[in-house]
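Beneath this line is the structure, given in structure tokens, with notes to follow.
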DNA sequence: CCCATCTTCAACCTTTTGGTTGAGTATGAA
DNA sequence: TTCATACTCAACCAAAAGGTTGAAGATGGG
């Protein structure tokens, strides 16, 4: 909603929230399912999700008892444009991304 | 140095720090000159600069009494790659950037 | 209706963040 | 030497962030 650079970058500054975004990249998820891999309470995840909603990075839709979380990648666009003003980074390198994503999930979202 | 996604995104989450980066885009600057436009103490700016150094977003070099601050745009690359994994944003749109930059400077770095 | 499930709310706690002030260090200039 | 400039350090403070727990609100199922 607000989606200022402040709220977007601040939201991205937390590894739990980045992991959540990565998970939602694969599919929409219910709140409980989002929380499952993490070693923290459901309430804590609920707060993280609220922060992501506030940054415009996800939306939530309640169907029945279940609240579905959906990634909204367009919210990253403004931030991406801001960053690219600092350097001509090669546009989209998905190989690099896959590696970073794997590292992120490996470090932050493991439930071992 | 550390330059994890955590530290980079967290550093970018503060409008003062983003404004500093925008200023350094034009030229290297001494700490005192960086602080000048802001309505906060030099010590506060010094701390912000330390956070930016820690995130790898700037480097500092002391020559004589003066400590020069230099932008290190490459530190944004990893974060940029991460973000681009969430959407195929048009690579570099400097027009958009100029507008956001102007808005940022107008809102955050005014000393009226 | 009764119960289980999904999610949030409220109160609380600890740590971090972002700021202040005053003193201290290092350097250059006269 | 003496003084001003450039910057950081240390102590402190208020507010925000990130977590907990227990209770409560919706909703669907039997």
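Protein chains in written order, with the numbering used here: chain A, 31 to 142; chain B, 31 to 142. Ideal Cβ placement from N, Cα and C applies to all residues, glycine included.
For chain A, is any of its Cβ atoms less than 8 Å away from the one on residue 58 of chain B? Position 28 of the second chain, counting from 1, holds the residue named residue 58 of chain B. No, no contact with chain A.
Select from A:117, A:105 and A:101 the residue whose C-alpha is nearest the C-alpha of residue 56 of chain A. Translated into the one-based positions of the first chain, residue 56 of chain A becomes position 26. Among A:117, A:105 and A:101, the Cα nearest to that of residue 56 of chain A is on A:101.
In its own chain, which residues sit with a C-beta less than 7 Å from the C-beta of residue 37 of chain B, not counting the 5 before and 5 after it? On the second chain, residue 37 of chain B is found 7 positions in, with the first residue counted as 1. 84 and 85.
CB contact check: residue 53 of chain B to chain A, cutoff 8 Å: Counted from its first residue, the second chain places residue 53 of chain B at position 23. Residue 53 of chain B does not count as touching chain A.
Return the residues of the segment 96-117 of chain B that lie within a Cβ-Cβ distance of less than 8 Å from chain A, sorted by chain order. 101, 103, 104, 106, 107, 108, 109, 110, 111, 112, 113, 114, 115, 116 and 117
For chain B, check one thing: does any of its Cβ atoms lie closer than 8 Å to the Cβ of residue 39 of chain A? Taking the first chain and counting its residues from 1, one reaches residue 39 of chain A at position 9. True, the Cβ-Cβ gap to chain B drops below 8 Å.
Through-space distance from residue 58 of chain A to residue 106 of chain A, alpha-carbon basis: Position 76 of the first chain, counted from the start, is the residue given in the question as residue 106 of chain A. Position 28 of the first chain, counted from the start, is the residue given in the question as residue 58 of chain A. Taking the straight line from one Cα to the other gives about 18 Å.
Coil, strand or helix - residue 51 of chain A by DSSP: Here residue 51 of chain A refers to the residue found at position 21 when the first chain is read from its first residue. Under the three-state reduction of DSSP, residue 51 of chain A is assigned to helix.
Alpha carbon to alpha carbon, what distance is there between residue 35 of chain B and residue 108 of chain B? Locating residue 108 of chain B in the second chain gives position 78, where the first residue counts as 1. Locating residue 35 of chain B in the second chain gives position 5, where the first residue counts as 1. About 7 Å.
Exposure label - residue 80 of chain A; buried when at least 16 CB within 10 Å: The count along the first chain starts at 1 and reaches residue 80 of chain A at position 50. Answer is exposed; the Cβ neighbour count stays below 16.
Between B:61, B:92, B:67 and B:91, which lies nearest to residue 77 of chain B when the distance is taken from Cα to Cα? Against the second chain, residue 77 of chain B aligns to sequence position 47. Among B:61, B:92, B:67 and B:91, the Cα nearest to that of residue 77 of chain B belongs to B:61.
Quick one: is residue 43 of chain A near chain B, going by C-beta distance under 8 Å? To locate residue 43 of chain A, count along the first chain from 1; it is residue 13. At least one chain B Cβ lies under 8 Å of residue 43 of chain A.
Determine the direct distance from the alpha carbon of residue 94 of chain B to that of residue 50 of chain A, and round the result to whole angstroms. Within the first chain, residue 50 of chain A is the residue found at index 20, counting from 1. Within the second chain, residue 94 of chain B is the residue found at index 64, counting from 1. Taking the straight line joining both Cα atoms gives about 47 Å.
List the DSSP bridge partners of residue 101 of chain A. Here residue 101 of chain A is taken as the residue at index 71 of the first chain, counted from 1. In DSSP, residue 101 of chain A forms a bridge with A:88.
Apart from the five residues on each side of it in sequence, which residues of its chain come closer than 8 Å, Cβ to Cβ, to residue 54 of chain B? The residue given as residue 54 of chain B occupies position 24 in the second chain. So the qualifying residues of the chain are 64, 88, 99, 100 and 101.
So residue 103 of chain B and residue 43 of chain A are in contact, right, with Cβ under 8 Å, and what is the actual spacing, rounded? One-based indexing of the second chain puts residue 103 of chain B at position 73. One-based indexing of the first chain puts residue 43 of chain A at position 13. The pair is not a contact, with the Cβ atoms about 19 Å apart (cut-off 8 Å).
Contacts around residue 182 of chain B, its chain only, beta-carbon distance under 8 Å, and the 5 residues preceding and following it disregarded: There is no way to answer for residue 182 of chain B, as the model of chain B reaches only from 31 to 142.
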